[in-house]
Amino acid sequence: MTSETLVEISDLNFAYDDKRAILKGVNMTMKRGQLIAIMGGSGSGKTTLLKLIGGAAKPSSGYIKVSGQIIHALGHNALYAMRRKMGKLFQFGGLFTDLSVFDNVAFQMREHTDLPESMIRDLVLMKLHAVGLRGAHHLMPAELSGGMARRVALARSIALDPMLMLFDEPFTGLDPISLSVIGSLIRRLTDDLGMTSIIVTHDVQETLSIVDYVYLISNGVIAAHGSPDEMKSSEKPFVHQFIHGEVDGPVPFHYPAQAYRQDLGLEDIFV
Amino acid sequence: MSKHIISAIQGVGHRTLEGIRRLGRATLYFLLVLWKSGTSLKRFGLVVRELYYFGVLSLIIIVVSGLFVGMVLGLQGYETLQKYGSETAVGTMVALSLVRELGPVVAALLFASSAGSAMTVEIGLMKATEQLAAMDMMAVDPVARVVAPRFWAGVISMPLLAAIFSVMGVFGGYLVAVVFIGVDDGSFWSQMQSNVDFRVDILNGFIKSCFFGIAVSAIAVFEGHDSLPTAEGVSVATTRTVVTSSLVILGLDFILTAFMFRGL
Ligand SMILES: Nc1ncnc2c1ncn2[C@@H]1O[C@H](COP(=O)(O)OP(=O)(O)O)[C@@H](O)[C@H]1O
Ligand SMILES: [Mg+2]
């Protein structure tokens, strides 16, 4: 494994509108061949960060470099050239519902290469075999279970052997078995294909058992980062609360509100 | 009181601005679709696939409606013309009404509510289920690959469907006037032949339906791609497609008719 940097995020700021900043001063460095987790509660800006890495949104300030190129400075064609080297697993899979499993996986090969159909067939079956679904190649997406659909989407996103894979919540909505199947698949494919993978997730246990490095974000800033072991033994209150899933801590259980008594209209009586 | 008036005026202003902004977005989107139509030309198979889909979807309703509209025209026309002893002109009347007006307009209205709304739903659902975003991340432009072929399929099928509507209508008129009522067969057809002009009537009707095809398809793909990515968003967009297209068809028809037949 080389220790060359593949993704560099520097002082990244982002907002959808003028009202609220989503990401504030984020810095990250990701090395080739690593499997990195970005964890944080819902709404903390994880999906947004993946959008920025994939070039689907532009930062307000700061930059993201992937293999030395600043993503938001790329023109349409250069960005598309970069995306051919990236894969993304969407939160809901995003399988083309009018195409069979086979055609979904073959989609990029047909769009971007001039490979003969016989070779595409071999490649598609190989990718499907890697996720254990070679026998399901003739099915339509509607006939798949949630876990199978996720695996087909995974096979499709690695169709052209990307150097960088982005996973948005690969574990949500899966039963425990499918969940660890997907987890170990991500680890194995990252190693076998020599990819760099970024997983965005809030599933703590599965993630800590497979990744090399963790960034914890909270309210758009990086609250902590380190190896899984460092995270588990961290004394920082927020990290402790998040990793061990405690109800109350630095992240309050209650959404900010006026005094409870006031909401119940009891103020006048008790003053 | 004055507060209410002010807020009412503000509301109107707000909605007007919002409407103008939407129109601007739609226009830019339309230009974008045209700009990215190269793929549709190079891989015409993509268009043919959609042509088949939307054509088949609308064909039955177009054929049946055309037949019935023609039959009604035949009945009404005969009733009126017979009073002046010129019932053989019924063929001319049926054909002119259809070719100039009813063919393009009614076919376009039917097309908007069947194929147009289907187009919106399809694109809206592809957006809501992240299929378009996934395609974009795979370095395949969704506007070029998904939207433009559907747009062109709509543009191409509209004049064809309008023509089928008119042909079925003339046949319906023939059934009622000649077969049932007994108007003279030969004069029915010969009057029609000598009074329907290719350039003035048929060509103008064809041009109208081309405009309608562009308008309906552009509205349908815009509404689909602009919809909020939720079930409710898609349903709102579908309603919008049908309502907006219908109004645009009727408005355009008036303007085009004024230019074509009155030479304004
Ligand atoms: N398209 C959008 N427009 C405006 N706000 C958005 C949009 N997408 C997400 N947000 C807001 O940005 C914040 C972060 O969202 P997201 O990145 O999806 O969080 P996560 O994936 O960590 O759950 C949320 O508060 C969300 O409401
Ligand atoms: Mg998310």
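Chains as they are written, first to last, in the working numbering: chain Y, 1 to 271; chain H, 272 to 535. Every residue gets a Cβ at the ideal spot worked out from N, C-alpha and C, and that includes glycine.
Which chain Y residues sit within Cβ distance under 7 Å of Val411/H? Glu111
Buried/exposed call for Gly135/Y, threshold 16 Cβ in 10 Å: exposed
Three-state secondary structure (DSSP) of Gln281/H: helix
What's the C-alpha gap between Ala502/H and Gly395/H? 9 Å
Does Glu494/H have its Cβ less than 9 Å from a Cβ in chain Y? no
Does DSSP put Thr363/H in a helix, in a strand, or in coil? helix
Can you say whether Phe398/H is buried or exposed, counting buried as having 16 or more other CB atoms within 10 angstroms of its CB? At residue 398/H the sequence reads Lys, which differs from the Phe that was named. By the C-beta density criterion, Lys398/H is buried, having at least 16 other C-beta atoms within 10 angstroms.
Thinking C-beta only, is Lys479/H closer than 9 Å to Ala424/H? With a cutoff of 9 Å on beta-carbon distance, Ala424/H and Lys479/H are scored as not near each other.
Just how far apart, CA to CA, sit Ala366/H and Arg511/H? 33 Å
Three or more beta-carbon pairs under 8 Å between the stretch 72 to 91 of chain Y and the stretch 160 to 168 of chain Y, yes or no? yes
Using a beta-carbon distance below 9 Å, is Gln69/Y in contact with chain H? no
By the criterion of Cβ-Cβ separation under 8 Å, what are the contact partners of Glu401/H in chain Y? Phe90, Gln91, Phe92, Gly93, Gly94
Would you list the residues sitting across from Glu8/Y in a DSSP beta bridge? In DSSP, Glu8/Y forms a bridge with Thr29/Y, Lys65/Y.
Give a yes or no on whether 9 Å exceeds the smallest Cβ distance from Val271/Y to chain H. Only weak support is given to the placement of Val271/Y: the predicted model assigns it a pLDDT of 45, under 50, and the question is left unresolved by the model.
In whole angstroms, give me the CA-to-CA distance for Arg470/H and Ser311/H. Those two C-alpha atoms are separated by around 30 Å.
How is the beta strand (DSSP E) around Ala223/Y delimited, first residue to last? 221 to 226
Within 10 Å of its beta-carbon, does Leu185/Y have 16 or more other beta-carbons around it, so buried, or fewer, so exposed? It counts as buried.
Within the 9 Å Cβ cut-off, does Ala419/H reach chain Y? no
Quick one: residues with CB closer than 6 Å to any heavy atom of ligand 1, in chain order, please. Tyr16/Y, Ile22/Y, Gly40/Y, Ser42/Y, Gly43/Y, Ser44/Y, Gly45/Y, Lys46/Y, Thr47/Y, Thr48/Y
Neighbour flag for Arg533/H against chain Y, beta carbons, 9 Å: Residue-level contact by beta carbon fails for Arg533/H and chain Y, as no gap is shorter than 9 Å.
Those runs of the alpha helix (DSSP H) which lie wholly inside the stretch 355 to 434 of chain H and span at least 4 residues: Fully enclosed alpha helix (DSSP H) runs of 4 or longer: 361 to 367, 374 to 382, 388 to 399, 402 to 408.
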